[in-house]
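J.: Residue numbers (the numbering used here), protein chains in the order written: chain A, 1066 to 1314; chain B, 20 to 342; chain C, 339 to 644. For glycine and all other residues, C-beta sits at the position ideal for the given N, C-alpha and C. Source: prediction; values computed, not measured.
As C-alpha cells, then:
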C-alpha cells in the first residue's frame, strides 16, 4: 500500500465538556481527494485547525510526509508544504490579488528578510504570481484589492495562494461556500485536475461537488468519524443515512 | 506622479525652505523650530515602521528616544570630563560615533523588549510596551550618576566632521539630511519583501503564517529597526537642546510620537513629517496665544481622531493606495 | 528591623493595593464590557480628588467632599461617555488610546484653568485621625486602615453587584455577547453609560481617599493610571478577580521592594551603594514582575476565556 501523505491517528480535543474531536483517525493518500463531511458543529473546522496548527490537540498524532507535526506552528507546517484555504476568507485585505499571491511566492523562496529591493518590479515574484492567478482564472483582477473582490473571487485567490506555495497537500475548508452554481461547477472541474498535483482534504457542504470529486469520504458526527469509504459505500451506509444524509434527504 | 508624491515633495521643500529663509533674515529661532520638527519627524518615522507598517501600537517608544538621548549625553559628558566610561573606554563628542552607539544600544534593548512584548497582542501589547518604557524612565529618575531626575547637560554641542554644529543652520541641515535618509529607508522597507511580510502581518497575521512566514520574527525585526531610528532621533534631540532628562523617556513622549503619526497620516511615507510640522506649529501658534495651549491641542486631536481619520495627508493626498 | 515595622510596611502595601484596585476595577470593567482602553481614567481619579478637596474646603466636611467626589467623577464619566467614548467602541485600540490621550490633555489643562497650578490640600477627617496599636509595638494610621476597609467593602460590593443583581447579569452578558444582550431587549447604550459612570465613580473615590494622604494636584492621576494598567495586565484584562489579585500583588511588591531591597543589598555591599542600587531596582521592580508574568502568561493570570 502507498504511504499516506497525511496520517491522523486517534486525535482528541475537548473544549470543556464538549468532545470536539473524539478519537479521529484518517489519512490522505497521494493523488486522492478525501472529502470530510458532516452536519454543522460536527467538528470539521476544529479538525482542520488542528491539522494546520492553529489548535493543539489534547492527544493523538498528526504525521505529514512521515514527519510528526507535534510542536510545529502553522508557519512551520506551511513551509513543509501543507497548503490551506480558510472557511472564512483570510487574505491581506489591503493588498491586491497579485500581492497576496506574491507573498506566497516569496514565502516559498524563503526570501522574506530582504529589505531593499522593491517587490513590484521584481519579476521573480510577479511572474510566478501572475501565472498562478491565470491558472485560477483571476488574472484579469490581479490589481484589485482583496477587500474589493467578490466572495467567489476570494476563494479562487485563496487557492492561487495555496498553489503558489507549491504545497504537497491541500486543506480546503468549504471552498464552494457562497459561490453561484457556475462558480461551483468551474471550481469542481479545477479541483478535479488538481488532485494529481497534490492530494486534497476537502471540507465541503456542497454534496454535488463532494460526490463528483471525492475518491473517499469520511463522515464526522459529534467529533467522531462514523464511516469512511468510497462514494457508493457512504451513500449506502445505514448509519450515515440515519445520522446525516437521512436528515438532508 | 501621484498626488501624494507631489505633496511629499512640497513638504520636504517647505521644511528646507523655512530655515534657509529664516537664516537669510537673521531669525535663528525659526531655524531651531524647523530642527525640532525634523527631529520629531525622524523619531516618528521610526515609530511609523512598527505602527504604520506593522500595526504594532508601541506605547513605549519614548524609551528608545530617551536612550538615544542619554547615549549622546553620557558619551559627551565623559568626553568633556576626560573620565573613561568604563574599562578604559573613553567618551566621545563625535556625532557619527554617538549615533552608532545610540542605534546599536536601542537595537539591543529593543530585541528583548520586543521578544517579550510581541508574545502579546492588542491592548496587552500597548500596555506592556508602556510598562517597559516606565521601567527605564524610573531607572533614569532614580539613578543619580547621570543627573537622575534633574537630567544631564551637554555643555558643547557634539561635533560632526567638517561641519560647525554650533551654527543653527548647519545643525538643521545635518538633522534634515538624516531625516531624508530615514525616509528613504522607510520607503525601501515598505516596498521590499520584508515590507510586504510586515504589512501582511498587520492586515492578517493568520494569512502570513498560513503561507509559512512566522509573524513574530517579522514583527521583532521591525520593532528593533523602528527603535533604532527613534533612538537616533533621540541622540539628535539631546544635541539640539544640549540637555537630556527623564522627560524624554516619559509616557507623554510616547503618546506624542503616536500623535505625530496620526496627525500626519498613519503608515504614510510623509505622515510623520506632516504630523511633526502640524504639531510644532500648533504648539508654537497656540502657545503664543495662551498658556493653556495643551487644552486646545487636546480638542484638535480629539477632532482628528473622531472625524478626520486620515490625518493631514489624508486631507491633502486622499486615501492610502497599495500596489 | 522590627516586626512592627515589617507589619507597617505590609499594611502600607495593602493600602496601596486597595487604591490600585479601585482604579483597576473600573478600567477592567470598562474594557471587559465595552472593549475600550481608557487612558483618561486617571483624569477621573484627579477629578474625584479635586472635587473632594474643593467641596471639603467650602463646606468644612470631608464626608460631603467624599460624596461630591463620587458624584463629580460619575458625572464627568457619564458626560465623556455620551459625548466621546461612545464613538470609540467600534474603533481600534489605537484610536481609543489617542482620543483618551486627548481627553487627558483637556482635563489636565482644564483643571489647571479652574484651580490654578498650586496643589490643594485635604485633611484627614477628625473621625479617622489618630493611630491604632500594632502587635509587636508601633502604631498604624487609622485613616490608612479605613482605606483598606473601603477596599474590602468595594470588592465585596462589586462581587455582589455582578453575581447577584440584574445589572450584574447584564454586565456579564455584555462581556460575552453584545448582540445577545441587545436581542434581550436591554438598552445597551444606557448599560454602557452606567458601567462607565460606575468605573469613573470608583476612580473618583480612589482619588478622594488618596487626596488626604498626598497633595491634590494636576497630573496626580497619571502614575495611578499607569500602575492600574500594570495591575490589570497582570491580573488579566476584563477580570475583576484578576484586578483585585494584581492590585494587592503590585501594592505589596512595590512597597516591600522599596523597603527590603536596599536592606538586602546592604548585606552584600557598602550601605550607600546598596541604598542607591536598591532604590533604582525597587522603582523598576513591579515592571520586572509584570514582564516576567507576561512572558509566561501572555494574557495575565486570570485571563477571561477567549
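With a CB to CB cut of under 8 Å and the five nearest residues on each side skipped, what residues in its chain are close to residue 1315 of chain A?
T.: Because chain A spans 1066 through 1314 in this model, residue 1315 of chain A falls outside it and cannot be assessed.
J.: Secondary structure at residue 56 of chain B, three-state DSSP: helix, strand or coil?
T.: Reduced to three states, the DSSP call for residue 56 of chain B is helix.
J.: How big is the Cα-Cα spacing for residue 295 of chain B and residue 116 of chain B?
T.: The straight-line gap from Cα to Cα measures roughly 27 Å.
J.: Using a Cβ-Cβ cut-off of 7 Å (strictly less than) and excluding sequence neighbours within five positions of residue 1305 of chain A, which residues of its own chain qualify?
T.: Around residue 1305 of chain A: 1284, 1291, 1292 and 1299.
J.: Pull up the distance between the alpha-carbon of residue 1129 of chain A and that of residue 627 of chain C, whole angstroms please.
T.: The straight-line gap from Cα to Cα measures roughly 41 Å.
J.: Where does residue 146 of chain B land, buried or exposed, given buried means 16+ other C-beta within 10 angstroms?
T.: It counts as buried.
J.: Of all the options B:88, B:114, B:194 and B:106, which has the alpha carbon lying nearest to the alpha carbon of residue 61 of chain B?
T.: It is B:194 whose Cα lies nearest to the Cα of residue 61 of chain B.
J.: Give me the residue from C:379, C:550, C:485 and C:407 with the minimum Cα distance to residue 354 of chain C.
T.: The option with the nearest alpha carbon to residue 354 of chain C is C:485.
J.: Should residue 1183 of chain A be flagged as near chain E, meaning a C-beta pair shorter than 7 Å?
T.: Chain labels in this structure do not include chain E; the protein chains are A, B and C.
J.: Under the rule that 16 or more other beta-carbon atoms within 10 Å means buried, what is residue 532 of chain C, buried or exposed?
T.: Counting Cβ neighbours within 10 Å, residue 532 of chain C comes out buried, since at least 16 surround it.
J.: Throw me the rounded Cβ distance for the residue 589 of chain C and residue 600 of chain C pair, which I believe falls under 8 Å.
T.: Contact flag wrong, Cβ pair sits at about 19 Å.
J.: On the DSSP bridge assignment, give the partners of residue 182 of chain B in chain order.
T.: The partner list for residue 182 of chain B (beta bridge, DSSP) reads B:179.
J.: Beta strand (DSSP E) containing residue 1074 of chain A: first to last residue?
T.: From DSSP, the beta strand (DSSP E) with residue 1074 of chain A extends over 1071-1080.
J.: Please list the segments of the alpha helix (DSSP H) lying wholly inside the stretch 471-519 of chain C, counting only runs of 4 or more residues, in order along the chain.
T.: Segments of the alpha helix (DSSP H) lying fully in the stretch 471-519 of chain C: 480-502 and 504-514.
J.: Which same chain residues, not among the five before or five after residue 438 of chain C, have their C-beta less than 6 Å away from its C-beta?
T.: Excluding positions up to five away in sequence, the list reads 376, 377 and 378.
J.: Can you give me the Cβ contacts of residue 1254 of chain A inside the same chain, cut-off strictly under 8 Å, excluding the 5 residues immediately before and after it?
T.: Nothing meets the Cβ criterion.
J.: Leaving out five residues on either side along the sequence, give the residues of the same chain with a beta carbon under 6 Å from the beta carbon of residue 65 of chain B.
T.: Hits under 6 Å: 245, 248 and 249.
J.: Quick one: what's got a C-beta closer than 7 Å to residue 218 of chain B's C-beta in the same chain, skipping five residues either side?
T.: Same-chain partners within the cutoff: 72.
J.: I want to see whether chain B comes within less than 7 Å of residue 527 of chain C, judged by CB atoms only; does it?
T.: No - not a single Cβ of chain B is within 7 Å of the one on residue 527 of chain C.
J.: How long is the line joining the alpha carbons of residue 370 of chain C and residue 423 of chain C, rounded to whole angstroms?
T.: Each residue's Cα considered, the two are about 15 Å apart.
J.: Taking the straight line between their C-alpha atoms, what separation do you get for residue 1266 of chain A and residue 1198 of chain A?
T.: Those two C-alpha atoms are separated by around 22 Å.
J.: Using only the alpha-carbon positions, how far apart do residue 410 of chain C and residue 166 of chain B sit?
T.: For residue 410 of chain C and residue 166 of chain B, the distance between alpha carbons rounds to 40 Å.
J.: Starting from residue 1265 of chain A, follow the beta strand (DSSP E) in both directions and report where the run begins and ends.
T.: Taken as a continuous stretch (DSSP letters only), the beta strand (DSSP E) holding residue 1265 of chain A covers 1265-1268.
J.: In whole angstroms, give me the CA-to-CA distance for residue 114 of chain B and residue 384 of chain C.
T.: Each residue's Cα considered, the two are about 43 Å apart.
J.: Who are the near neighbours of residue 226 of chain B in its chain, counting only those whose CB is closer than 8 Å to its CB and skipping five residues on each side?
T.: Cβ neighbours of residue 226 of chain B beyond the five flanking positions: 219.
J.: Is residue 213 of chain B close to chain A, meaning its C-beta is less than 7 Å from at least one C-beta of that chain?
T.: It does: the Cβ of residue 213 of chain B has a partner Cβ on chain A nearer than 7 Å.
J.: Can you name the residues of chain A whose CB is closer than 8 Å to the CB of residue 10 of chain B?
T.: Residue 10 of chain B is absent from the structure shown; chain B starts at 20 and stops at 342.
J.: I need the boundaries of the alpha helix (DSSP H) containing residue 144 of chain B, first residue and last residue.
T.: That run of the alpha helix (DSSP H) goes 141-161.
J.: Counting only C-beta atoms, is residue 561 of chain C closer than 7 Å to chain B at any point?
T.: For residue 561 of chain C, the answer is no, since every Cβ of chain B falls outside 7 Å of its Cβ.
J.: What's the C-alpha gap between residue 396 of chain C and residue 460 of chain C?
T.: For residue 396 of chain C and residue 460 of chain C, the distance between alpha carbons rounds to 11 Å.
J.: Residue 30 of chain B: which of B:184, B:135, B:67 and B:199 sits nearest, CA to CA?
T.: Per the Cα distances, B:199.
J.: Closer than 8 Å by C-beta to residue 1313 of chain A: which residues in its own chain qualify, once you throw out the five before and the five after it? Chain order, please.
T.: In this predicted model, residue 1313 of chain A has a pLDDT of only 48, less than 50, meaning its place in the structure is not dependable enough to derive any value.
J.: Whose Cβ in chain C lies nearer than 8 Å to the Cβ of residue 150 of chain B?
T.: Those are 564, 567, 568, 571, 625, 628 and 629, listed as they occur along chain C.
J.: Where do the N-terminal and C-terminal ends of the alpha helix (DSSP H) with residue 97 of chain B fall, by residue?
T.: First-last of the alpha helix (DSSP H) with residue 97 of chain B: 81-100.
J.: Within its chain, find whatever has a CB closer than 8 Å to the CB of residue 451 of chain C; leave out the 5 residues flanking it on each side and keep chain order.
T.: Nothing meets the Cβ criterion.
J.: Since residue 1148 of chain A is in the beta strand (DSSP E), which residue starts that stretch and which ends it?
T.: Run containing residue 1148 of chain A: 1147-1150, per the beta strand (DSSP E) assignment.
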